[in-house]
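Everything on this sheet refers to the single structure shown next.
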Amino acid sequence: MRTVTYGQAISEALREEMRRDPAVFVLGEDMGVMGSVFGLTKGFLAEFGASRVIDTPISEAGFTAMAVGAALRGLRPVVEIMYVDFTPVCFDPIANQAAKMRYMTGGQAAVPLVLRAPGGAGRRNAGQHSQSLEALFTHIPGLKVIAPSTPADIKGLLKTAIRDDDPVVCIEHKLLYAAKGQIPDGEHLIPLGRADVKRPGRDVTLVAWSRQVGFALEAAGILAGEGIDAEVVDLRSLVPLDWDTLAASVRKTHRAVIVQEAVRRGGYGAELAAQIGEELFDSLDAPVKRIAGLNVVSPFSPALEDLTYPNPGTIAAGVRETLGRQP
Amino acid sequence: MNARPYGCEDLLRFYREMLRIRLFDLKAAELFAQGRMAGNIHTYVGQEAVAVGACQALEPGDLITATHRGHGHCLAKGGRADTMMAELFGKATGYCRGKGGSMHIADLGLGILGANGIVGAGIPIAAGSALASKIKGGREITLAFFGDGAANEGVFHEALNMAAAWRLPVIFLCENNRYGVSVSIDRVTNTADIADRAKGYGIPGVVVDGNDILAVCEAVAAAAGRARRGEGPTLLEAKTYRHRGHYEGDPQSYKPAAEIAAWKERDPLDRLKKTILAAHPDAAAALAGIAAAVEAEIAAAVRFAEDSPYPEPATVTSDVYAADNERSVAR
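In structure tokens form, the structure reads like this:
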């Protein structure tokens with residue numbers, strides 16, 4: 001095992017897959033000479049050359065659609081959209097082209113494309129650089145969506161996503177890039193659609209993904225001191241969803257608290273709450289609860305941004321409420 | 328129309344391919360009006376010289392992206408009339424197994440990367456296919472068919488810019504049929520020629536008579552040569568006209584009757600027929616034979632479509648994903 005950052009894990013995944021398969025190439029804004037604004041592709045241009053490490057103009061719709069065209073021809077493009085907030089600029093190639101080609105052509109076409117997009121708040125980046133938009137993508141049949149929370153998970157899942165024959169949206173969190181974690185040596189692959197129980201517990205299931213997994217674990221630590229034993233299920237992959245792991249946890253704890261950074265209304269947490277309510281009603285001892293971002297535009301001022309999103313304290317408070325405990 | 332570089336067999340082949348499109352779409356329109364097809368269809372009647380002229384100038388390994396008005400592109404690139412008719416009927420034997428319909432015909436084996444229901448969307452997909460050719464080092468080129476309406480979409484400009492900057496082996500072929508549904512191009516565009524936009528991206532822009540198949544063929548051949556030599560893209564604008572409505576059932580009340588009549592005088596099939604007979608007076612029998620053969624092909628296509636089964640109910644959830652389809656569709 002080694003200790004690397006989440007950002008280094010992404011670099012390793014990209015580099016290993018580009019070395020393994022000449023069909024893999026990266027494109028996006030500032031990916032080549034600069035090595036990406038987050039430094040994830042530093043050294044790639046020298047190693048792989050300009051035909052596989054492509055600095056695009058600021059034309060998200062155009063180059064994402066070009067990646068779809070290249071994928072139709074059997075290449076495996078990895079597109080970076082600098083901020084997930086920019087994906088609405090290129091929603092047609094993602095939602096109408098990449099996602100639908102296989103079905104609309106009766107199974108003839110494959111679009112083995114990965115779209116990496118950093119999202120998330122906490123950097124005081126305000127309304128157009130702080131969103132969590134995973135629900136836009138989970139809503140579209142034909143897309144797969146991953147949102148890993150640790151270096152080991154992002155490396156293993158990103159490598160699998162690149163080898164997958166369907167378009168995969170990889171939601172990364174900007175504030176995780178510097179987070180460190182243990183990573184296995186050698187080849188490391190994690191199948192899509194397999195959740196990871198990051199902390200076992202008996203009393204309540206905390207369901208989270210991306211940066212909120214760390215907050216859920218911190219909340220579980222706070223709650224442990226109060227005699228509450230929380231289980232933390234890191235979904236890692238939103239589509240496909242590891243329903244079996246999630247359902248087993250809820251059947252055991254009889255309570256589900258879903259944590260998402262995205263705004264509450266219409267989030268992926270609402271989908272999970274609906275599925276748990278429909279299928280596990282008899283197992284529940286309390287209503288399914290969502291801890292989520294406020295239904296607002298991400299504010300700039302730290303004084304306001306910190307009020308907008310979940311944190312370990314608000315997650316712990318939500319769990320107490322679900323359990324009927326006083327703080 | 329200068330027939331000199333082409334032999335009689337070439338010209339007859341061109342005519343046959345154009346007639347396949349004409350009769351396919353007239354038959355589809357007739358069946359649609361009878362309520363024997365669902366959804367909606369956009370016919371290519373009047374524009375046949377563009378698709379056939381372009382595809383006759385391409386090599387078999389070359390690729391195309393098509394549009395919502397794509398029946399002609401598919402047939403011109405070698406597509407089957409029966410398989411496409413079956414798709415229009417929503418049958419399991421169709422190009423897309425009944426899942427795509429008129430606007431999503433694709434045959435990847437023939438290099439048809441797909442018609443598209445989103446105006447302009449095929450333009451950057453074609454550029455991406457050309458990028459793949461450049462990365463792979465292949466000699467094949469890609470041609471994007473699109474209309475005048477698509478030339479006002481943002482991705483047209485983005486794709487032209489990137490294809491020009493990276494000298495991609497792609498041809499952008501604008502079929503200017505003068506109308507985006509009901510809106511005439513001169514009401515929403517400040518220049519007479521779409522081809523002028525090429526100047527902004529540092530590539531050749533060429534206007535061609537889109538109802539003259541030989542002119543289209545020559546222009547595409549020149550652009551293809553340029554693309555294959557690594558000299559980059561060309562923007563071609565074929566001036567043409569759709570005889571029928573945007574969709575079947577569109578009464579075209581927005582078009583002046585005199586305009587329609589004037590363009591029908593310039594019908595691309597009539598013009599080619601005159602050219603053939605002028606250069607080869609003894610070709611009348613061959614032309615009649617072609618007409619009979621194509622009529623039989625289209626009639627057989629309709630029978631095939633009608634006799635084919637609808638898709639099995641279980642297929643409604645297949646093909647969303649390659650693997651893990653069941654789980655990813657369920658939740």
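Respectively, the protein sequence lines represent chains A and B. Quick note on numbering: the first sequence equals residues 1 to 327 in the numbering used here. Quick note on numbering: the second sequence equals residues 328 to 658 in the numbering used here. We put the CB at the ideal spot given by N, CA and C, even for glycine. Computed from a prediction, not measured in an experiment: that's the story for all the values here.
For residue 498/B and residue 547/B, which I take to be in contact (beta-carbon distance under 8 Å), what is that distance rounded to the nearest angstrom?
About 6 Å separates the beta carbon of residue 498/B from that of residue 547/B, a gap short enough to meet the 8 Å contact definition.
Measure from the alpha carbon of residue 448/B to the alpha carbon of each residue in 261/A, 95/A and 178/A, then state which is nearest.
Closest in alpha carbon position to residue 448/B, among 261/A, 95/A and 178/A, is 95/A.
Are the beta-carbon atoms belonging to residue 433/B and residue 165/A less than 8 Å from one another?
Contact flag unset, no.
Positions along the region 59-76 of chain A whose CB lies within less than 9 Å of some CB in chain B
Answer in chain order: 59, 60, 61, 62, 63, 64, 65, 66, 67, 68, 69, 70, 71, 72, 73, 74 and 75.
Using a Cβ-Cβ cut-off of 8 Å, state whether residue 195/A counts as contacting chain B.
With 8 Å as the cut-off, residue 195/A does not count as an interface residue toward chain B.
In angstroms with no decimal places, state the Cα-to-Cα distance between residue 148/A and residue 154/A.
Computed Cα separation, rounded: 5 Å.
Are the C-beta atoms of residue 102/A and some chain B residue less than 8 Å apart?
At least one chain B Cβ lies under 8 Å of residue 102/A.
Suppose the cutoff is 8 Å on Cβ atoms and the five residues either side in sequence are ignored; what does the same chain contact list for residue 340/B look like?
Taking C-beta separations shorter than 8 Å and ignoring five residues to either side along the sequence, the partners of residue 340/B in its chain run 383, following chain order.
Counting only beta-carbon atoms, is residue 426/B nearer than 8 Å to chain A?
Interface residue, yes.
Any chain B beta carbon closer than 8 Å to residue 105/A
Closer than 8 Å: yes.
Residue burial classification, residue 525/B (beta-carbon count within 10 angstroms, cutoff 16):
That one is buried.
Can you tell me whether residue 133/A is buried or exposed, with buried defined as 16 or more other CB within 10 angstroms of its CB?
Classification for residue 133/A: buried.
Roughly how many whole angstroms lie between the Cα atoms of residue 61/A and residue 484/B?
The straight-line gap from Cα to Cα measures roughly 11 Å.
Beta-carbon neighbours of residue 135/A, restricted to chain B and to distances below 9 Å:
The contacting residues do not exist; residue 135/A stays about 14 Å from chain B at best.
With a threshold of 8 Å between beta-carbons, can residue 243/A be considered close to chain B, or not?
So, interface residue.
Apart from the five residues just before and just after residue 219/A, which ones in its own chain have a Cβ nearer than 6 Å to its Cβ?
These residues qualify, in order along the chain: 312, 315 and 316.
For residue 329/A, would you say it is in contact with chain B, using Cβ-to-Cβ distances shorter than 8 Å as the test?
Because chain A in this structure spans residues 1 to 327, residue 329/A falls outside the shown range and cannot be described.
Closer than 8 Å to chain A by CB, residue 423/B:
For residue 423/B, at least one C-beta of chain A is nearer than 8 Å to its own C-beta.
Identify the contact partners of residue 478/B in chain A, using a Cβ-Cβ distance below 7 Å as the criterion.
The contacting residues do not exist; residue 478/B stays about 14 Å from chain A at best.
Could you give the DSSP three-state label for residue 536/B: helix, strand or coil?
Three-state result, residue 536/B: strand.
Residues near residue 270/B in its chain [Cβ-Cβ closer than 6 Å; skip 5 each side]
The structure shown does not extend to residue 270/B, since chain B is modelled only from 328 to 658, so the question has no answer here.
Per-residue contacts from residue 51/A into chain B (C-beta, under 8 Å):
Neighbours of residue 51/A in chain B, taken as residues whose beta carbon is under 8 Å from its own, are 461 and 462 in chain order.
Let me check one thing: in DSSP terms, what residues is residue 293/A bridge-paired to?
DSSP, once it has assigned bridges, lists 263/A as partnering residue 293/A.
Under the DSSP definition of a beta bridge, which residues are partnered with residue 562/B?
DSSP, once it has assigned bridges, lists 499/B and 532/B as partnering residue 562/B.
Sequence-distant residues of the same chain with beta carbon closer than 7 Å to residue 24/A, five excluded per side
Residues of the same chain with a CB within less than 7 Å of the CB of residue 24/A, apart from the 5 flanking positions on each side, are 17, 18, 76, 78 and 162 in chain order.
Mind checking who residue 25/A pairs with in its DSSP beta bridge?
DSSP lists 77/A as partners of residue 25/A.
Determine whether the Cβ of residue 161/A lies closer than 8 Å to any Cβ atom of chain B.
Residue 161/A does not count as touching chain B.
Buried versus exposed call for residue 643/B [16 or more other C-beta atoms within 10 Å across all chains shown]:
The residue is exposed, with fewer than 16 neighbouring Cβ atoms inside 10 Å.
Taking Cβ to Cβ, would you say residue 564/B is nearer than 8 Å to residue 521/B?
Cβ atoms of residue 564/B and residue 521/B: closer than 8 Å.
Interface residues of chain B around residue 342/A at Cβ under 9 Å?
Residue 342/A lies beyond the stretch modelled for chain A, which goes from 1 to 327, so this question has no answer here.
Exposure label - residue 349/B; buried when at least 16 CB within 10 Å
Of the residues assessed, residue 349/B falls on the buried side of the cut-off, its CB having 16 or more other CB atoms within 10 angstroms.
Rounded separation between residue 396/B and residue 629/B - CA only:
Going from the Cα of residue 396/B to the Cα of residue 629/B covers about 19 Å.
Look at the Cβ atom of residue 230/A, then the Cβ atom of residue 223/A, and state whether they are nearer than 8 Å.
In this structure, residue 230/A sits near residue 223/A, with a CB-CB distance shorter than 8 Å.
Between residue 342/B and the rest of its own chain, which residues show a CB-CB distance below 8 Å, the 5 nearest in sequence each way excluded?
Apart from sequence neighbours up to five positions away, the residues of its chain that approach residue 342/B with a beta-carbon distance below 8 Å are 596, 599, 600, 603, 614 and 617, ordered along the chain.
Proximal chain B residues relative to residue 275/A, where beta-carbon distance stays under 8 Å
Chain order gives the chain B residues near residue 275/A as 658, where near means a beta carbon separation below 8 Å.
Own chain residues within Cβ distance below 7 Å of residue 160/A, not counting five before or after
Within its own chain, the residues whose Cβ lies closer than 7 Å to the Cβ of residue 160/A, once the five positions on either side in sequence are excluded, are 189, 190, 191 and 192, listed in chain order.
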